[in-house]
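I have placed the structure first, in the form of structure tokens, so that the comments after it can refer back to it.
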Amino acid sequence: MNIQKLNVCMDILKKDLGDGFVASCIITTDDGQVLLATDKANVAEATILNDATSLIRSALKTYPAELGQYYYIDAAGNMAVLVIPFGDYQWTVTINKKLVKLGLLLNIVLPAVINAFEDAVVS
Amino acid sequence: MKKDFTLIIDNDELEAVPMANSGIKDELQRWPLFGLSVGSFLQVIAMERQTCIMEVYLNADHWGHFCFVQGELYDAVCGELGGEKAAMEMITWENVRLNIKQILNASGVARKIDKNLMLLLMESSRLHDEIRDEGEEIDDEEVEEAGGIDALEDVEDEARYEKLSVCLETMAKDMGEALVAASISHIDDNKIVASRHDAPEATEAILRLTNFLKKSLADTKAEGLGEYYILDLKDRQSLFVLINDQYQWCVLFKNDKCTLGLLRNVIMPEALKVFNEIKIM
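Sequences listed follow chains A and B, in order. Okay, so the first sequence: first residue is 2 according to the numbering used here, each after it adds one. Okay, so the second sequence: first residue is 499 according to the numbering used here, each after it adds one.
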């Protein structure tokens, strides 16, 4: 894992999302420990989503299907959460859905940050 | 307009008409198709996405027509009735004669029926059953044996759930081979109410996931689960889960054949429209 590259990932994300960026957090999936978090990051939420990922993987086995690169949760208020699990790590990004178009997030921002994240993890 | 179909011609009946009665013969020749129920024929036209007028003849006093554009029912006329009322009247007719005329230019055809054809057919079937059952007294003892009012409510629920399959049929029609599996479940009752190629254990697993997200996100800054979540899956598939009031819609689809934008903005609103119509019924 290359920490400098992880910081670069965060920078790309903040730049691409602009005011729509709320918080972000990278944790290890094994023990839920935080590796990197921005100011407003909600660690409890990131840990819950770590459990959610396990539940998703288990639920998908019944189809059968496998989780791909991400999942996106529309939250009740103005927020939405993008979760990118990769290997032993999971990246959680909270956005203001009123300020970030879903199409832009999934088609433009996401491919760029996934590549950067994978590069940082395997380095 | 030009004549398009010549499917089943009832020649026997035509030949039985005496030569002297050429007026009746002409009348029967005007409606050459015979042998299918109105409902069946309507479904064939919808499935084939035909743009045509389907004329229906029951007898000299009862006849009318349906108007289709690209397989969608736009209008119907029957005597003084028009639109949905005319359609509902004619759908129940049996032993009718039919004729199809192709519409070459549909640009001037105004849409007067918004309801999905399948809904009209089911509603018509329900009314037909009600009329048939009219006058029959409910056997109190049988109701008691079956568990009384609760049992009746269960039967009503089952009938409603059966109708909800129409929503998934609407979705399947729009998505074609992009739709892998779909289901509708009642979240609080933990009950699958409609399903299309979706294994019950898969739907139940997603219901558990939805309940987990609802409960766990309620205590976070996210303020709870919103209207939907999307899971990106391997092999170019996606799972779209929509929370609509007490119901969960679960749609597994091939994302290289149908975009998420198309599903969320066009297909789902159409299916939800049908869903809400059924709920109101």
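From the three backbone atoms N, C-alpha and C, an ideal C-beta is built for every residue, glycine too.
Taking 8 Å as the limit between beta carbons, can you name the residues of its chain near residue i, skipping five residues before and five after?
i, result
"N593(B)", "L556"
"M586(B)", "L618, E621, S622 and L625"
"G78(A)", "none"
Taking DSSP's pairing of strands, which residues face residue i in a bridge?
i, result
"E578(B)", "DSSP lists no partner for E578(B)."
"E553(B)", "H563(B) and N597(B)"
"H684(B)", "K689(B) and Y745(B)"
"S736(B)", "D730(B) and F751(B)"
"A679(B)", "L750(B)"
"D573(B)", "C565(B)"
Mapping the DSSP letters down to three states, classify residue i as helix, strand or coil.
i, result
"V607(B)", "coil"
"K689(B)", "strand"
"C756(B)", "coil"
"N774(B)", "helix"
"E725(B)", "strand"
"R694(B)", "strand"
"L531(B)", "strand"
"S124(A)", "coil"
"A113(A)", "helix"
"K713(B)", "helix"
"V641(B)", "Residue placement at V641(B) is flagged as unreliable, the pLDDT there being 49, under the threshold of 50; the coordinate-derived value follows with that caveat. If DSSP states are grouped into helix, strand and coil, V641(B) belongs with the helices."
"M2(A)", "coil"
"K661(B)", "helix"
"T718(B)", "coil"
"K99(A)", "coil"
"D12(A)", "helix"
"L106(A)", "helix"
"T447(B)", "The question about residue 447(B) has no answer here: the residues shown for chain B are numbered 499 through 779."
Under 6 Å Cβ to Cβ from residue i, same chain only, skipping five residues before and after it: list those, please.
i, result
"V641(B)", "With a pLDDT of only 49 at V641(B), under the threshold of 50, the placement of this residue in the model should not be trusted; the figure read from the coordinates follows. Contacts found: none."
"C576(B)", "G562, A584, E587 and M588"
"L111(A)", "none"
"F503(B)", "Note on F503(B): pLDDT 43, under 50, position unreliable in the model; the coordinate value appears next. Counting only Cβ-Cβ distances below 6 Å, and skipping sequence neighbours, we find I598."
"G33(A)", "T48 and N51"
By Cβ distance below 7 Å, which residues in the same chain neighbour residue i in space, the five residues on each side in sequence not counted?
i, result
"P698(B)", "I690"
"I4(A)", "none"
"I611(B)", "L571, Y572, D573, A574, G581, E582 and A585"
"T76(A)", "Before going further, note that residue 76(A) is Ala rather than Thr in the sequence given. These residues qualify, in order along the chain: V82."
"Q744(B)", "H684, I685 and D686"
List, in order along the chain, the chain E residues whose C-beta lies closer than 8 Å to that of residue i?
i, result
"K732(B)", "Going by chain labels, chain E is absent from the structure shown, which instead holds the protein chains A and B."
Residues, ordered as in the chain, of the segment 612 to 630 of chain B that lie near chain A by beta-carbon distance below 9 Å: none
Alpha helix (DSSP H) runs wholly inside the segment 16 to 97 of chain A, at least 4 long, in chain order: 44 to 61
Residues within the segment 35 to 50 of chain A neighbouring chain B, beta-carbon criterion of under 7 Å: N43, A45, E46 and I49
Under 8 Å (Cβ pairs) to chain B, residues found in the segment 64 to 93 of chain A: Y64, A66, E67, L68, G69, Q70, Y71, Y72, Y73, I74, D75, A76, A77, G78, M80, A81 and V82
Interface positions of the segment 708 to 728 of chain B facing chain A (Cβ-Cβ less than 9 Å), listed along the chain: F710, L711, S714, L715, A716, D717, T718, K719, A720, E721, G722, L723, G724, E725, Y726, Y727 and I728
Residues of the segment 50 to 61 of chain A whose Cβ lies closer than 9 Å to any Cβ of chain B, in chain order: L50, D52, A53, L56, I57, S59, A60 and L61
Contact list for the segment 745 to 757 of chain B against chain A, Cβ threshold 7 Å: L750
Short-range partners of chain A found in the segment 678 to 701 of chain B, where Cβ spacing is below 7 Å: A697, E699 and A700
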